[in-house]
Structure formats: C-alpha cells, structure tokens
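To start, the structure itself, in structure tokens.
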Amino acid sequence: MHAEVVDFIRRIVADDLSAKKNGDRVRTRFPPEPNGYLHIGHAKSICLNFGVAAENGGVCHLRYDDTNPSKEDVEYVESIQEDVRWLGYDWGDHLYFASDYFEQLYQFAIQLIQLGKAYVCDLSADEIREYRGTLTEPGRESPQRGRSIEESLDLFERMRAGEFEDGSRVLRAWIDMASPNINMRDPVLYRIQKTTHHRTHDAWCIYPMYDFAHCLSDSLEGITHSLCTLEFEDHRPLYDWVLDQLDVPCHPQQIEFARLNLSYTVLSKRILLQLVDGGHVSGWDDPRMPTISGLRRRGYTPQSIRDFCAAIGVAKRDSTVAIAQLEHSIREEMNRRAQRVMAVLRPLRVVIENYPEGQVEELEAVNNPEDASMGTRKVPFSRVLYIERDDFREDPPRKFFRLAPGREVRLRYGYFITCIDVVKDECSGEVTELRCRYDPATRGGNAPDGRKVKGTIHWVSAAHALEVEVRLYDHLFEQEDPAQITSAPDLRSSLNPSSLETLTDCRVEPSLADAEPGAQYQFERLGYFCADADSSPERLVFNRTVPLRDTWAKIQQRAAS
RNA sequence: UGGGGCGUCGCCAAGUGGUAAGGCAACGGGCUUUGGACCCGUCAUUCGCAGGUUCGAAUCCUGCCGCCCCAGCCA
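Counting from 1 along the first sequence, just add 222 to a position and that's the residue number in the working numbering.
So, in structure tokens, the structure goes:
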C-alpha cells in the first residue's frame with residue numbers, strides 16, 4: 223500500500239540488530255494465558271510478535287502462561303492454537319508451556335532463597351495487603367523477613383510437599399518494602415494452590431506468580447525482545463531484578479506498547495466471559511463477539527485482520543480505534559474477492575404484466591466486476607419477481623431514484639420495468655404487490671434508443687429463488703467509548719437490544735443452493751455475507767459480515783435531521 | 001497524594017532542531033447496469049497550555065494542565 227512506517231518497537235529491534243546486541247538473533251513470543259478465547263486485541267499482539275520475528279529472520283514462540291490452574295482450561299489452549307494458525311502464523315516446533323518449566327522455576331526459587339533474596343512469609347493474604355502500605359506510604363516488613371535461609375529452604379520444600387494449607391504461606395522476594403514502586407515491595411513469587419492443573423495435574427500444589435515465571439520463561443527460551451502491554455511497565459524493574467539475581471541464559475528486553483481498544487466493543491476477557499456465561503451471546507464464536515472465532519464466523523478473513531493490525535500501528539499512547547477501521551479492512555478485501563450475487567432481504571412481489579406467463583429466460587450476470595477472471599453466471603428471469611421493499615416508494619422523496627408509481631428503473635442484468643399499479647392490503651394499507659410492464663428491447667439492461675434510467679435495483683425470480691435466513695448484526699454495546707461499558711455497574715444495561723436481527727423470509731438466486739458454510743458473497747447493493755455454520759442445504763443461513771457503504775442512507779439521514 | 005507512562009486533524013498515526021507523511025471518517029465533483037468500487041479534489045498557518053533557548057522548535061529547557069496504569073497469594 224504505502225511505504226511502511228517503522229513503529230518504535232521495530233526501530234529498537236533494528237537498532238539492536240545493528241549493534242549486535244543479541245548477535246543476529248531476534249526471538250519473540252506470544253504468551254497467552256489459556257483462560258479465554260483470543261480476541262482482536264490479541265491479534266494485534268500476534269501480528270506484532272510474529273511479524274517482528276519474520277521480518278528479521280527470527281522465530282516467534284507460542285507459549286502458554288499457564289501458572290494459575292484455577293482459571294485455565296484445555297478448551298482454551300486448543301482454541302488459541304486454532305486461532306493463531308488461522309490468522310496465518312506458524313510457531314514451527316516452538317510450542318511451550320510455562321508449566322513445562324515448573325521444576326526449573328522451582329530450582330531458581332531455591333537459588334534465590336540461598337542467595338538471601340527470597341524468604342517464606344507466614345502472613346495471611348489480608349495481612350500482606352496491610353503490610354504493603356499504600357501509594358503514598360511505605361510498607362512494613364514481614365515478621366519473617368529476617369528468617370534464616372535454612373528455615374526458608376525447609377519451609378519452601380514443605381510447601382511443595384503439600385504440608386501446608388492454601389494461603390497459609392508464600393514465597394516472597396526480598397527487595398524493598400519502602401519502594402515507591404509497589405511491585406517491588408517484596409512481591410509474592412509462589413503461592414500454595416491445591417488445584418489440579420490442566421497439564422501437570424496434581425504434580426504441584428505451589429504455583430509461580432507471573433512476575434517470577436514470565437521473565438524466567440523468556441530467558442530459558444532465549445527470547446530477545448519481550449513485548450507486552452503498557453500495564454506491565456511498572457513490572458519491568460521486577461522483571462529485570464529477577465533475571466539479575468539469578469544465573470540465567472540471557473536477559474531479554476521487555477518493551478511495552480498500548481493495547482487495542484475498539485469503539486462500541488469490549489476487549490476485556492472478564493466481560494467477554496460474562497457475555498458467554500450470561501447467555502447474552504450464543505458463545506465465544508457468536509458473530510457479534512470481537513473474538514477471533516467470532517470474527518471468523520462473522521466473515522472476517524485472516525488477511526483483513528492482518529491488514530487492520532498493520533493500519534492501526536503500534537505505539538504507547540492509549541487509543542480507541544474506530545470500528546469503521548476494521549470494517550474498512552474487510553470491505554477492501556471482499557470488494558476484490560467476493561462473488562456477486564442477488565438476494566432480497568425483505569421481499570416485495572412484482573408481477574410483470576406483459577411478460578409471457580410460463581416463460582423463463584437465463585440472463586447473464588457478471589460474477590465480479592473487479593475481477594473478470596471470475597466469469598459470469600446465468601440468473602433466471604420470469605413473470606413474477608421479488609424486489610427489495612426499500613427499493614419502492616409510493617411517494618418518493620427528492621433524490622429517490624428507485625421504483626415508484628409511473629417510474630422506470632433497470633432490473634440489474636434484466637430489463638427496464640415501469641410500475642403501473644400498486645396493490646395494497648385492504649385492511650392494513652400495506653403494499654403487497656407491484657404491477658409493472660417491461661420493455662422487451664432492454665434485455666440485459668440497455669435501451670437501444672439510448673434512454674437512461676436513474677436507478678438499477680436487484681431482484682430474484684419468485685419461482686426460482688431460494689428461501690433463506692439472514693442474520694443482520696450491529697455492535698453489541700450502545701456506548702461508543704469502551705471505558706464507559708467496562709465501568710458500567712450493570713452490563714445488561716449497556717447491551718444494544720438490536721445487535722442481532724434475524725430475517726427468516728429472504729430470497730436468494732438459485733446459484734446459492736450449494737453454498738457451503740463459510741462461503742462469502744456480496745449480495746449486490748446490500749453488503750458482504752457469508753454462509754453461517756448453522757447453514758445446511760435444506761436451510762441456508764447467511765451472516766451479514768458488513769453492509770456496503772450506503773450514500774442513500776446518508777442522504778436520508780441528513781434530510782431527517 | 002508516591003511511582004510509572006502518555007498528550008500531533010473527528011479516530012488511528014509518522015515526525016526526534018530546518019519550517020506538519022499516510023490511513024480511516026467526513027465533505028465536494030467525475031464515472032458508473034451495485035446510490036458499491038474506482039478517479040479527482042477539500043480537510044492541522046499548527047502539534048495540551050504558558051514562558052524560554054535558537055536565524056529557525058511539534059522536536060531542546062522550565063513551569064503548569066489533562067488522561068491512563070499500579071495498593072491480587074490474577075496475568
């Protein structure tokens with residue numbers, strides 16, 4: 223597209239490379255905790271980590287940060303691999319688990335105790351919090367801070383052996399209870415948790431904390447650049463402290479960047495989990511979810527997500543990207559690739575009075591005007607058709623150039639038709655049918671006399687069309703600012719009641735009969751759609767990925783306001 | 001309030017002492033058998049604010065102001 227602008231992380235990596243800081247090595251890692259499904263915010267990190275590695279001839283590891291068994295599950299470890307792979311990234315044989323390092327991590331902890339840099343503390347969780355002090359007051363030292371190395375060693379071994387109850391003791395770093403950085407006030411390194419781990423099962427009842435496990439895992443794997451989000455900036459001194467005390471293979475550089483926020487959406491695993499558990503969505507892959515699996519089901523492609531991540535850049539400033547930016551990325555790709563097809567979402571019956579009863583013509587339609595190699599197809603035309611209700615107005619407003627009484631329009635790839643009569647339901651007054659006449663000379667859509675028509679509308683032949691279900695989506699939340707959603711006392715109250723609209727009486731041209739789940743189309747003049755996982759040959763179901771840009775809607779909106 | 005970050009167009013984002021890239025959005029116009037796409041054009045005399053240094057400052061200095069993160073035995 224454009225000469226890429228190098229972000230500050232790529233700049234650092236390039237500088238390190240030319241300074242031979244790590245020789246010619248670049249090694250990154252994507253380190254998810256398997257406690258939920260990946261979302262678009264993770265995609266940003268995945269594209270960054272795998273991208274930086276690939277651009278520099280390095281590798282990127284996939285490592286699970288599975289140090290808290292009470293929140294983690296194999297379902298998540300599997301979905302994460304599927305999603306990363308689907309996005310188009312390959313970790314080769316560099317698949318790791320922090321839990322595979324538990325024994326080494328334990329040995330490092332022993333070393334730290336022997337160095338006098340860690341001790342077993344007997345305070346309760348509440349007491350530790352009290353002793354920690356506040357933002358403005360220093361903390362107080364634990365009564366066990368002066369405990370002998372031998373005693374800590376003995377106690378720590380017995381913690382591992384399961385002699386003590388959950389919460390009764392922890393291993394703490396011996397740093398500085400008066401540090402202005404709260405993370406340095408003798409942080410907890412290990413806690414007792416008698417929970418079965420999804421991989422190590424019951425081999426351990428003590429688990430390392432993030433701050434201890436993460437930096438050491440990075441070092442053990444020879445990571446050169448450890449990229450993480452801004453909230454870990456305060457932890458960097460601790461990351462460095464741990465590695466500085468111990469005899470480790472290398473000392474990776476932690477660099478922080480701003481996490482992604484998207485307007486009208488929430489990227490908090492906690493809230494996404496609430497949406498799933500609370501039944502507000504059909505699951506992690508609900509097409510309204512910002513998860514990778516949700517976007518996939520909605521019809522987003524790996525390419526479009528990668529393009530989006532490239533477009534938003536990487537920086538340190540807190541930012542909220544407009545959802546329109548994401549929509550742009552899928553439209554751009556679909557415009558190039560999607561097969562065009564005609565579909566009517568809200569059918570209005572049209573009878574062409576002067577078209578011979580029983581006659582059917584096969585008209586030629588272009589599959590993709592952006593790509594001639596996609597060829598053409600035949601679409602059946604007959605006396606009774608359906609058009610979109612929105613394409614007819616009994617009393618057309620200014621600038622409306624679709625069908626209206628007495629008006630002539632073009633049926634795409636068909637004929638010019640003129641509306642000569644409107645049939646209404648006697649009771650409701652609702653328009654139930656249009657009576658029209660066609661000009662046989664305009665077959666294919668051109669008038670030999672050079673006559674022009676203002677509007678071209680889509681249609682399907684009533685007798686040949688397939689009856690299908692279409693699901694229209696809108697953002698899940700009403701508020702544009704994600705912070706407002708996250709801080710709302712009640713999640714329910716911020717949900718958009720019209721985030722899903724299911725249309726059960728739609729009609730599509732017969733060429734869609736064999737649409738497989740996942741197949742993507744442009745429904746002409748409407749938007750990009752894909753066959754849903756629920757779709758079957760008996761009952762086709764389509765998701766609207768994103769509507770086409772709609773300048774008519776804009777004109778109407780402006781007129782209304 | 002202590003510490004750590006960040007403030008460049010409505011939303012992202014380059015720029016790091018030589019006179020404000022680009023994308024999205026928006027708005028005009030052209031073209032059009034998708035009111036789509038495409039094409040052309042408009043869109044920051046100014047970089048949170050105020051001083052200062054300099055021939056020259058978004059970039060350097062000083063002082064304010066605003067926003068985000070940290071007081072889990074979560075990551």
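Using N, Cα and C, we set each Cβ at its ideal position, and we do this for glycine too.
K266 sits buried, since 16 or more C-beta atoms from the chains shown fall within 10 Å of its C-beta. Counting other Cβ atoms within 10 Å of its Cβ, P569 reaches 16 or more and is therefore classed as buried. A residue is called buried when at least 16 other Cβ atoms come within 10 angstroms of its Cβ; V228 does not meet this threshold and is exposed.
In the same chain as R615, and ignoring 5 residues on each side of it, the C-beta atoms closer than 6 Å to its own belong to F622 and A626, in chain order. Between D612 and Y432, the C-beta gap is not smaller than 9 Å, which leaves the two residues out of contact. Counting along the chain, N590 sits inside no alpha helix (DSSP H), nor does DSSP assign it H or E at all.
By the criterion of a C-beta distance shorter than 6 Å, V730 is surrounded in its chain by A565, L688 and V690, once the five residues flanking it on both sides are discounted. Where Y298 is concerned, the enclosing alpha helix (DSSP H) starts and stops at V296 to W308. The beta carbon of D703 lies closer than 8 Å to those of S485 and T542 in the same chain, with the five residues before and after it left out. A Cβ-Cβ separation of about 15 Å leaves Y637 out of contact with Y608 under the 8 Å criterion. Between A755 and R519, the C-beta spacing is below 9 Å.
In this structure, P430 sits away from F530, with a CB-CB distance that is not shorter than 9 Å. Distances from the alpha-carbon of W506 to those of G749, Y353 and D305 put D305 closest.
A distance below 9 Å separates the beta carbons of R394 and V342. Using a Cβ distance threshold of 9 Å, I262 and L517 count as a contacting pair. Taking 9 Å as the cut-off, the Cβ atoms of Y635 and V588 count as close. Residues of the same chain with a CB within less than 8 Å of the CB of I514, apart from the 5 flanking positions on each side, are Y259, L260, H261, I262, H264, A265, D305, W308, L309 and I527 in chain order.
DSSP places E478 inside the beta strand (DSSP E), whose first and last residues are Q475 to F479. By the neighbour-count criterion, in which a residue is buried when 16 or more other Cβ atoms sit within 10 angstroms of its Cβ, K491 is buried. Around the beta carbon of R562, 16 or more other beta carbons lie within 10 angstroms, which makes this residue buried. Beta-bridge pairing by DSSP links G245 to K243. A distance below 9 Å separates the beta carbons of I414 and R391. The C-beta of N244 has 16 or more other C-beta atoms within 10 Å across all chains shown, which makes the residue buried. Of the candidates V572, D671 and H686, V572 places its Cα closest to the Cα of V644.
Looking at the DSSP output, N257 bridges to nothing.
I335 and F378 do touch by the CB rule: their CB atoms are close to 6 Å apart, below 8 Å.
Burial check for Q326: the Cβ neighbour count within 10 Å stays below 16, so the residue is exposed.
Straight-line spacing of the CA atoms in R380 and C427 works out to 11 Å. Under a 10 Å Cβ-count criterion, I404 is classified as exposed, with fewer than 16 other Cβ atoms of the shown protein chains found around its own Cβ. R761 and H697 have their alpha carbons spaced roughly 26 Å apart. Checking the DSSP bridge columns, you'll see D643 partnered with R657.
Around the beta-carbon of N668, fewer than 16 other beta-carbon atoms lie within 10 Å, marking it exposed. Distances from the CA of L567 to each of E549, L725 and E277 were compared; the closest alpha carbon is that of L725. Using a Cβ distance threshold of 9 Å, Q525 and I234 do not count as a contacting pair. The alpha-carbon separation between I350 and G368 amounts to approximately 16 Å. The Cβ-Cβ distance between A684 and S604 falls below 9 Å.
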